[in-house]
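Student: Got a structure for you, written out below as structure tokens; questions coming shortly.
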């Protein structure tokens, strides 16, 4: 299909015998552009299907049909590897943008190509539900037209598409849609990551929706820092039964301002059993809980952690826990973060003069 730019047509029509000159429109337009170095995937970033039409019209379908001068578009349809590679790159650009018009154009023009799972994930991660719905509906039409067997994935690769990135980016609706409509069964690891992501963003409703019937929501909460999730573990009795999880929860709460919740957890194990080969050693989590509280300047939490019996001698003995004294000392952390009140308290506790 020959393309005449609107600007070219207007100039030609303004000339004497303009109607006759219109036949030169495609030739003049081709001379003006597009750039011979412009790839189709780069053109997609400009969000113009008219530009794609123009580039497509200039591309030849065989090596023999290539123009005398060099341009990328000559290889778009005449070189199979470049053809498939450009489709992959272009669909990913369009999916990331959520440009349904571009996605539709690409799928229609590259009839022998399969939309990769990376493209599906790009749309999902950025919350472009319309693109996902289009791809699934397009596959359904293709499958029906070709009488494909049940279970076929059509022209879009969905297998391996993860729910987790979409949920982590705040697109819970996309995560739920993928779970409901994905044409492949999600494995246990994918479900676990999706539930953890839901808990981390505070979407308890989606997390509960994703939990398999034979399991409990609280069993997916061990790696989540949100206070409400830790409180759920506390209410379920997990933090009473598991001292390691209790200590880790106190560390995770250190920047939350929830001293009340930290106190409730600590009371379950008061006093903590001395560390042995069978008893858990609380001191590492306690040390880094104080580090984090100093960094955010939560003075009440710093006071409780530092004055607790578990903190005795930590600044002398636990500097070997993987950090240098310059970085890990509580006073250094507080001063580095500009937390004056925390520094004053630590100074009053004679914890500033331990620094060489």
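In UniProt numbering, the protein residues as written are 1 to 356.
Ideal Cβ positions, reconstructed from N, Cα and C, are used throughout, including at glycine.
All values reported here derive from a predicted model rather than from experimental measurement.
Leaving out five residues before and five after residue 37 in sequence, what residues of the same chain have Cβ atoms less than 7 Å from its Cβ?
Tutor: Here residue 37 refers to the residue found at position 37 of the chain shown. 72.
Student: Who are residue 156's beta bridge partners in DSSP?
Tutor: Taking the chain shown and counting its residues from 1, one reaches residue 156 at position 156. Looking at the DSSP assignment, residue 156 forms a beta bridge with 115.
Student: Taking one C-beta from the segment 224-231 and one from the segment 170-187 each time, how about it: are there three or more such pairs within less than 8 Å?
Tutor: Short answer: they don't touch.
Student: Just verifying my parser: in three-state terms, what is the DSSP assignment at residue 110?
Tutor: For this step, residue 110 is matched to residue 110 along the chain shown. Three-state DSSP puts residue 110 in coil, outside helix and strand.
Student: By how many angstroms is the C-alpha of residue 258 removed from the C-alpha of residue 347?
Tutor: Taking the chain shown and counting its residues from 1, one reaches residue 347 at position 347. Taking the chain shown and counting its residues from 1, one reaches residue 258 at position 258. Roughly 24 Å separates the two Cα atoms.
Student: One question on the structure: do residue 49 and residue 115 come within less than 7 Å of each other, judged by their Cβ atoms?
Tutor: Translated into positions along the chain shown, residue 49 becomes position 49. Translated into positions along the chain shown, residue 115 becomes position 115. Taking 7 Å as the Cβ cut-off, residue 49 and residue 115 do not qualify as a contacting pair.
Student: Could you spell out the range, first to last residue, of the alpha helix (DSSP H) harbouring residue 168?
Tutor: As a working note, residue 168 is residue 168 in the chain shown. Residues 164-168.
Student: Tell me which residues share the same chain as residue 232 and place their Cβ nearer than 8 Å to its Cβ, disregarding the 5 neighbours each side in the sequence.
Tutor: Here residue 232 refers to the residue found at position 232 of the chain shown. 217, 218, 221.
Student: Put residue 292 into one of helix, strand or coil per three-state DSSP.
Tutor: One-based indexing of the chain shown puts residue 292 at position 292. The answer is helix: DSSP assigns residue 292 an H, G or I state.
Student: Go through its chain and collect everything with a Cβ distance to residue 196's Cβ below 7 Å, but skip five positions before and after it.
Tutor: For the purposes of this step, residue 196 is taken as residue 196 along the chain shown, with counting starting at 1. 220, 223, 224, listed in sequence order.
Student: Apply the 10 Å Cβ neighbour rule to residue 121 and answer buried if 16 or more other Cβ atoms are within range, or exposed otherwise.
Tutor: Stepping through the chain shown from its first residue, residue 121 is reached at position 121. Flag for residue 121 reads buried.
Student: What residues in its chain sit with their C-beta under 6 Å from that of residue 165, if we drop five residues either side in the sequence?
Tutor: Translated into positions along the chain shown, residue 165 becomes position 165. Result list for residue 165: 125, in chain order.
Student: Do you know how far the Cα of residue 23 is from the Cα of residue 17?
Tutor: In the chain shown, counting from the first residue as 1, residue 17 sits at position 17. In the chain shown, counting from the first residue as 1, residue 23 sits at position 23. Going by the C-alpha atoms only, they are around 11 Å apart.
Student: Using only the alpha-carbon positions, how far apart do residue 286 and residue 253 sit?
Tutor: As a working mapping, residue 286 is identified with position 286 in the chain shown. As a working mapping, residue 253 is identified with position 253 in the chain shown. In a straight line, the C-alpha of residue 286 is about 11 Å away from that of residue 253.
Student: Nearest CA to the CA of residue 170: which residue from 127, 209, 137?
Tutor: Indexing the chain shown from 1 puts residue 170 at position 170. Considering only alpha carbons, the answer is 127.
Student: At a cut of 8 Å, does the segment 86-99 reach the segment 61-71 through at least three beta carbon pairs?
Tutor: Contact fails: fewer than three Cβ-Cβ distances are below 8 Å.
Student: Taking DSSP as the reference, what is the three-state secondary structure of residue 221?
Tutor: For this step, residue 221 is matched to residue 221 along the chain shown. Residue state, collapsed to three classes: coil.
Student: Taking the beta carbon of residue 298 as the centre, do at least 16 other beta carbons fall within 10 Å, making it buried, or is it exposed?
Tutor: Position 298 of the chain shown holds residue 298. Looking at its Cβ environment, which holds 16 or more other Cβ atoms inside 10 Å, residue 298 is buried.
Student: Identify which residue in 272, 269, 251, 77 has its Cα closest to the Cα of residue 302.
Tutor: Counted from its first residue, the chain shown places residue 302 at position 302. That would be 251, whose Cα lies nearest to the Cα of residue 302.
Student: DSSP three-state call for residue 342: helix, strand or coil?
Tutor: If you number the chain shown from 1, residue 342 lands on position 342. In this structure, residue 342 counts as helix in the three-state DSSP scheme.
Student: Leaving out five residues on either side along the sequence, give the residues of the same chain with a beta carbon under 6 Å from the beta carbon of residue 200.
Tutor: For this step, residue 200 is matched to residue 200 along the chain shown. Correct list, in chain order: 224.
Student: Less than 7 Å separating the beta-carbons of residue 8 and residue 33?
Tutor: Against the chain shown, residue 8 aligns to sequence position 8. Against the chain shown, residue 33 aligns to sequence position 33. Going by C-beta atoms, residue 8 is not nearer than 7 Å to residue 33.
Student: Excluding the 5 residues preceding and the 5 following residue 191 in the sequence, name in chain order all residues of the same chain whose CB lies nearer than 7 Å to its CB.
Tutor: Indexing the chain shown from 1 puts residue 191 at position 191. Cβ within range, chain order: 210, 212.
Student: Report the option in 206, 281, 168 whose CA atom is closest to the CA atom of residue 180.
Tutor: Locating residue 180 in the chain shown gives position 180, where the first residue counts as 1. Residue 206 is the option with its Cα nearest to residue 180.
Student: Just the C-alpha distance for residue 89 and residue 208, rounded to the nearest angstrom, thanks.
Tutor: Locating residue 89 in the chain shown gives position 89, where the first residue counts as 1. Locating residue 208 in the chain shown gives position 208, where the first residue counts as 1. Residue 89 and residue 208: Cα-Cα distance of roughly 36 Å.
Student: Would the beta-carbon of residue 123 fall within 7 Å of that of residue 136?
Tutor: Position 123 of the chain shown, counted from the first residue, corresponds to residue 123. Position 136 of the chain shown, counted from the first residue, corresponds to residue 136. No, these two residues do not count as a Cβ contact at 7 Å.
Student: Rounded to the nearest angstrom, what separates residue 243 and residue 163 at their Cα positions?
Tutor: Residue mapping note: residue 243 aligns to position 243 of the chain shown, counting from 1. Residue mapping note: residue 163 aligns to position 163 of the chain shown, counting from 1. Rounded to the nearest angstrom, the two C-alpha atoms are 32 Å apart.
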